[in-house]
Amino acid sequence: MKILIVDDNKDICLLIENILLAEGYDIQSCSNPSEFQEKLKNAKPELIITDMLMSGFDGRTLTKGIKNNSETADIKVMLMSAHPDAQQIHKEIGADDFLAKPFEIDDLVDKVERLLN
């Protein structure tokens with residue numbers, strides 16, 4: 001199962017990468033928004049885990065772009081954020097799930113397993 005993590009915070013990318021690598025997933029991460037389209041094309045992920053608010057790049061726009069493109073619409077998207085309205089926003093933009101920051105490792109793993117099975 002291929003997963004692409006998109007967050008402008010490299011430490012968050014590394015943390016999630018290490019957690020999910022330990023669970024046996026094939027992980028790539030992207031902390032530079034300009035690399036996203038190339039990573040998406042090359043990785044062909046089954047799941048994208050993206051932060052909602054990033055400097056210079058917006059996870060809401062990313063999610064809408066994925067879900068509105070017939071070539072990528074089947075990719076699952078999990079939005080993560082500490083924003084108080086993010087739970088509602090994820091539904092409005094078509095994300096498949098939501099993970100509140102800060103998150104528990106078990107919550108992350110459970111949500112990933114549910115989305116990919």
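Taking full-length UniProt numbering, I'd label the letters of the sequence shown as residues 1 to 117.
Note that the Cβ used here is the ideal one computed from N, Cα and C, for glycine as well.
- ALA95 is classed as buried because its beta carbon has at least 16 other beta carbons within 10 Å across all chains shown.
- By the criterion of a C-beta distance shorter than 6 Å, ILE66 is surrounded in its chain by THR72, ILE75 and VAL77, once the five residues flanking it on both sides are discounted.
- A distance below 8 Å between beta-carbons, with the five flanking residues on each side excluded, links ILE19 to the following residues of its chain, in chain order: ILE105, LEU108 and VAL109.
- For ASP97, the uninterrupted beta strand (DSSP E) run begins and ends at 97-100, by DSSP.
- Residue burial annotation: ALA86 is buried, with at least 16 other C-beta atoms found within 10 angstroms of its C-beta.
- A direct Cα-to-Cα measurement between LEU47 and SER55 gives close to 22 Å.
- A straight line joining the alpha-carbon of ARG60 with that of LEU99 spans about 14 Å.
- Under the 10 Å beta carbon count, SER34 is surrounded by fewer than 16 other beta carbons and is classified as exposed.
- Each residue's CA atom was taken as its position, placing SER29 and GLN37 some 12 Å apart.
- Going by DSSP, ASP26 is part of the beta strand (DSSP E) stretching over 26-30.
- Here LYS111 is buried. Its C-beta has 16 or more other C-beta atoms within 10 Å.
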